[in-house]
Each structure stands twice: as C-alpha cells, then as structure tokens.
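Sequential numbering of the sequence shown, starting at 20, is according to this note's numbering. Structure first, commentary second.
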Amino acid sequence: MDALESYISELGYIHSSGSATNETSYYGPLANLLNEVGKTLKPSVRCIINIKNRGAGIPDGGLFTPDQFQRAADAEPLQGLLPSRGAIEVKGTGENVEQIVESHQVARYLGKYGQVLVTNLRDFVLVGQDADGKPVKLETYRLAPTEAVFWFNAYDPHKVADLHSERFTEYLKRVMLRKAQLSDPKDVAWFLASYARDAKARIEHSKLPALDSVRRALEQALGLQFEGEK
Numbered sequence: 020m021d022a023l024e025s026y027i028s029e030l031g032y033i034h035s036s037g038s039a040t041n042e043t044s045y046y047g048p049l050a051n052l053l054n055e056v057g058k059t060l061k062p063s064v065r066c067i068i069n070i071k072n073r074g075a076g077i078p079d080g081g082l083f084t085p086d087q088f089q090r091a092a093d094a095e096p097l098q099g100l101l102p103s104r105g106a107i108e109v110k111g112t113g114e115n116v117e118q119i120v121e122s123h124q125v126a127r128y129l130g131k132y133g134q135v136l137v138t139n140l141r142d143f144v145l146v147g148q149d150a151d152g153k154p155v156k157l158e159t160y161r162l163a164p165t166e167a168v169f170w171f172n173a174y175d176p177h178k179v180a181d182l183h184s185e186r187f188t189e190y191l192k193r194v195m196l197r198k199a200q201l202s203d204p205k206d207v208a209w210f211l212a213s214y215a216r217d218a219k220a221r222i223e224h225s226k227l228p229a230l231d232s233v234r235r236a237l238e239q240a241l242g243l244q245f246e247g248e249k
C-alpha cells in the first residue's frame, strides 16, 4: 500500500467512526502521508504537527529538514528554528480551500515562514509570495471536487491511488523541495523531470482527441502504424 492509499484508507477509517472532529482528528494521517513522501527526498523532510508560536500564531504543522534537529532520532527541532520548507494550514473537508488561502491567518504565516501548504485534506494549495510580498498560489492539486465525492471515494482507497498516486506524490515532492536551495544543475533537472512525469500521467489518465488526430496524421504521412502504449 503506497502513501496516498494509506492516507485515504486512514481518513476513511476515522471518518466512518462518526466520532471525528472536522479537522484535528485527521492530522495523524496527513502527517504520515507527508513523512512517507518526505523520507524519499535528499535531504529528507519531516512534518511536525502544531509547532510553536513564533509570533504569527500556531500553524497546524511545519516541514523540517534533518539539519534542524539535534540528532536524527530527535522528535523536536532545535530551539528557535523556523521550518525550512514552510508551514502547513489544515481545515476540514467541507471548507473552501480558496477562502483559506485568502485568509488573514495564511497571510500571517506567509510573512513569517515564506511558504504555506494549505489543505482541506482533499485540495492542496502551495502558497508563496510575489515580489511585493502578496500571497500567490504556486501549485495546486485536487483529489476530489467536493466533500461528498471525497468521502465516497474513501471507500475505495486503492482506486484513488491508481488514479492519483504518481502525480500527487510528485506534487508533494515539489512542495517540499521548492524552498530548497538549487545549487546543482541536477536539482533543476529533477524539477523539470517531475513536471514531465506529471504531464505524462495526465495524458495516460485522460482522453485527448487532439493527440489522436496527431497520431493519425503521423501514421498517414509516414506510412506506418503505431501499436500499443509505447
């Protein structure tokens, strides 16, 4: 079971209890998801829920790198260090993510942390700052268009993973790496390759008549036939 499938499965299990709060009951699965993806990166990235107030309120979470911990096994970061990969703002699945992004709370976090991952557990929006310091949406990902659809799909986490896992995992990796210093051409190449993998996954899961037309035109012009996925 991959990270997304586990995430959806855990959320569905908690939701089915009928005893969950709209927000905080789901922090655990979200942290597990981010940590599973984060540990595949170099340097790894770790999510800590409910980090200390550093003058802008208490974010629901922060994304830290190993250099911010006293020892690799420590659960707490070094005193006074802000999460190097940004803060996290979490709301319930019924909340409108666009309204969350435009809230004063997110604006305060941006001023302090420079980057905020905003989510209602089904929509994910990476928010940064433009040249004037104003909030700007950098990248988004949607697992379901509505709260009802999201919880309906949670009954079949494997299907959700089949549809979204590759693209969503690449998205989260880019979120965690965006504030990293790019000093090596290989780092830039990775970002380009990540977007290419995202585009490939989009094509594979979509019906694109325009591409079919190009394929037929090439077959006619070159006098050959394309067969199979390759």
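Each residue gets a CB set at the ideal place from its N, CA and C atoms; glycine is no exception. Since this is a predicted model, take the numbers as computed values, not measurements.
Assigned secondary structure, residue i (DSSP; H/G/I helix, E/B strand, else coil)
| i | result |
| --- | --- |
| V64 | coil |
| P176 | helix |
| P48 | helix |
| T112 | coil |
| K131 | helix |
| S25 | helix |
| G37 | coil |
| A167 | helix |
| K192 | helix |
| S184 | helix |
| T59 | coil |
| Q239 | helix |
| A126 | helix |
Sheet register partners of residue i (DSSP bridge)
| i | result |
| --- | --- |
| Q87 | In the DSSP output, where bridge partners are listed per residue, Q87 has none listed. |
| V161 | Note on identity: in this sequence residue 161 is Arg, with Val being the wrong assignment. Beta-bridge pairing links R161 to D142. |
| P154 | Q148 |
| I107 | G80, L136 |
| P96 | F88 |
Alpha carbon of residue i to alpha carbon of residue j, nearest angstrom
| i | j | result |
| --- | --- | --- |
| L196 | V135 | 13 Å |
| I77 | L101 | 12 Å |
| E185 | A75 | 34 Å |
| Q124 | D175 | 34 Å |
| T43 | D151 | 33 Å |
| H177 | L52 | 15 Å |
| D79 | E108 | 5 Å |
| T40 | L157 | 29 Å |
| G57 | S63 | 5 Å |
| A5 | Y132 | The requested residue 5 does not occur in the structure, where the chain is confined to residues 20 to 249. |
| T84 | K61 | 9 Å |
| F187 | R90 | 30 Å |
| E189 | G37 | 32 Å |
| Q239 | S28 | 47 Å |
| L182 | Y46 | 23 Å |
| V116 | S25 | 23 Å |
| R65 | S122 | 26 Å |
| K110 | A50 | 14 Å |
| D149 | L129 | 11 Å |
| A126 | Q118 | 12 Å |
| V179 | R104 | 27 Å |
| P164 | K192 | 22 Å |
| L162 | L243 | 39 Å |
| R59 | L23 | The question names Arg, but residue 59 in the sequence shown is Thr. Approximately 14 Å between the Cα atoms of the pair. |
Cβ neighbours of residue i in the same chain (closer than 7 Å, five flanking residues each side left out)
| i | result |
| --- | --- |
| H34 | W170, A173 |
| N54 | R65, C66 |
| L97 | Q87, F88, Q89 |
Close-in-space but distant-in-sequence residues of the same chain around residue i (CB under 8 Å, 5 per side omitted)
| i | result |
| --- | --- |
| V120 | V137, V144, V146, P154, K156 |
| G113 | N41, N139, E166 |
Any non-hydrogen atom of the ligand FMN within 7 Å of residue i CB
| i | result |
| --- | --- |
| G76 | Looking at this structure, you won't find the ligand FMN or any other ligand, since it has none at all. |
Spatial neighbours of residue i in its chain, beta-carbon cut-off 6 Å, leaving aside the 5 residues before and after
| i | result |
| --- | --- |
| M20 | none |
| G81 | I67, I70, P102, A106 |
| G31 | A173 |
| R141 | T112, L162, A163, F169 |
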